[in-house]
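Residue numbers (the working numbering): 12 to 338.
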């Protein structure tokens with residue numbers, strides 16, 4: 012597992028959570044930093060069909076459990092219809108597989124000590140970073156006053172269902188409210204007061220679908236307490252693609268690939284076997300920034316075009332005609 016050039020890990024176990032999700036237990040090799048914060052994510056690279064495929068996933072383990080010789084981390088992955096790698100990790104990866112790792116990062120974190128009263132708002136796989144927080148709080152014996160609203164299509168779709176129920180039974184100060192959206196409909200944030208009357212007084216961490224997070228932003232902003240709302244998005248809000256894309260040339264690697272107007276420069280590079288720098292893959296962390304040498308690229312979120320000489324985020328830009336990037 013040791014490598015002077017890159018972080019690596021070995022998958023020890025693949026544990027089914029729900030019909031379409033699984034937890035991967037990973038033993039990182041030398042050089043991995045175990046002093047991560049609950050709520051952060053890591054990058055994981057898997058060799059599939061001769062190419063390294065990279066994605067970022069929230070850590071679901073607690074840093075409190077990563078001491079001593081049994082140093083392991085866990086991520087929990089939901090297979091997505093359009094997610095080639097996620098489906099492979101859930102159903103196709105074998106224990107013993109060696110993966111590449113990128114160091115933990117992210118600002119969606121729980122401070123230590125934690126606030127005295129907390130609200131967790133989660134839906135679907137948005138529970139994954141919160142699980143790391145809950146496990147950490149439980150091990151620190153810091154569960155003082157937590158309200159947790161989690162939405163899922165049905166009860167059988169709830170990740171960590173047994174562990175959450177046990178946590179609620181063991182800690183009277185942890186109140187779990189599960190909402191089955193298939194029969195109850197989605198949570199209406201304007202009705203939040205009926206479920207958590209003192210929500211305005213709590214520090215809130217929210218992770219889930221874009222629509223839920225957008226509504227939460229509006230409600231917290233209207234209440235004048237947006238500083239108490241902490242959000243984690245798993246996907247980028249993209250504008251409709253314009254133009255016809257183009258050929259992306261990667262100057263240092265000498266590789267070129269044709270990409271449509273909806274495919275990010277990062278995805279295009281990875282499909283061509285270029286080792287692209289990355290972090291959040293959402294246009295936030297700036298880890299993927301490279302120089303645009305020639306041509307133009309378009310920001311997938313805003314539609315803005317970037318000119319040669321500018322530094323661009325490859326995870327949220329796409330070719331607008333032929334272009335050359337310095338990597």
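Backbone N, C-alpha and C define an ideal beta-carbon position, used for all residues, glycine too.
Skipping 5 residues on each side, what residues in its chain have a beta carbon closer than 6 Å to that of residue i?
i, result
"residue 14", "Below a pLDDT of 50, predicted positions are generally treated as unreliable, and residue 14, at 47, falls in that range; no measurement from the model is reported."
"residue 168", "29"
"residue 324", "294, 299 and 300"
"residue 338", "261, 263 and 301"
"residue 322", "300 and 302"
"residue 34", "26, 28, 85 and 87"
Please state the DSSP three-state secondary structure of residue i.
i, result
"residue 261", "strand"
"residue 23", "strand"
"residue 282", "helix"
"residue 13", "Interpretation of residue 13 is limited by its pLDDT of 49, a score under 50 that renders its predicted location unreliable; no figure is taken from the coordinates."
"residue 194", "helix"
"residue 187", "strand"
"residue 268", "strand"
"residue 88", "strand"
To which residues of the same chain is residue i closer than 8 Å at the C-beta, ignoring the five residues directly before and after it?
i, result
"residue 184", "154, 155, 156 and 157"
"residue 339", "Outside the displayed span of the chain (12 to 338) sits residue 339, for which this structure offers no information."
"residue 272", "252, 253, 254, 255, 256, 309, 329, 330 and 331"
"residue 91", "97 and 98"
"residue 319", "303, 304, 305, 306 and 307"
Let me check understanding here. Comparing Cα to Cα, which of the options lies closest to residue i?
i, options, result
"residue 105", "215, 332 and 25", "25"
"residue 88", "310, 271, 37 and 194", "37"
"residue 305", "123, 297 and 316", "316"
"residue 51", "102, 119 and 228", "119"
"residue 124", "283, 48, 224 and 320", "48"
"residue 238", "245, 220 and 214", "214"
"residue 152", "283, 143, 182 and 263", "182"
"residue 262", "336, 319 and 285", "336"
"residue 19", "108, 245 and 193", "108"
"residue 259", "240, 283 and 245", "283"
"residue 6", "218, 142, 233 and 143", "For residue 6 there is no data in the structure shown, the boundaries of the chain being 12 and 338."
"residue 67", "205, 296 and 174", "296"
"residue 265", "285, 278 and 277", "285"
Indicate whether residue i and residue j have their beta-carbon atoms separated by less than 9 Å.
i, j, result
"residue 74", "residue 243", "no"
"residue 307", "residue 275", "no"
"residue 314", "residue 54", "no"
"residue 160", "residue 190", "yes"
"residue 179", "residue 162", "no"
"residue 292", "residue 326", "yes"
"residue 58", "residue 115", "no"
"residue 101", "residue 56", "no"
"residue 83", "residue 39", "yes"
"residue 170", "residue 200", "no"
"residue 227", "residue 132", "yes"
"residue 203", "residue 230", "yes"
"residue 136", "residue 32", "yes"
"residue 164", "residue 147", "no"
Below 7 Å CB to CB, which residues in the same chain sit around residue i once its five sequence neighbours on both sides are set aside?
i, result
"residue 46", "74"
"residue 130", "158, 207, 210, 213 and 215"
"residue 126", "214"
"residue 234", "211"
Answer yes or no: does any C-beta atom of chain C fall closer than 9 Å to that of residue i?
i, result
"residue 244", "The chain inventory of the structure shown lacks chain C, comprising one protein chain alone."
Discussion item. Threshold first: 3 residues or longer. Then list the beta strand (DSSP E) segments lying entirely within the region 98-157, N to C.
Written reply: 109-116 and 129-134
Practice prompt. Starting from the N-terminal side, write out each stretch of the beta strand (DSSP E) that is 3 residues or longer and does not extend beyond the region 285-337.
Written response: 300-310, 322-324 and 328-336
Worksheet item: Which ranges would you report for the beta strand (DSSP E) in the region 201-243 if only whole runs of at least 3 residues count?
Response: 214-218 and 240-243
Practice prompt. Pick out the complete beta strand (DSSP E) segments inside the region 26-74, 3 residues or longer, and give them in chain order.
Written response: 32-39, 52-59 and 62-69
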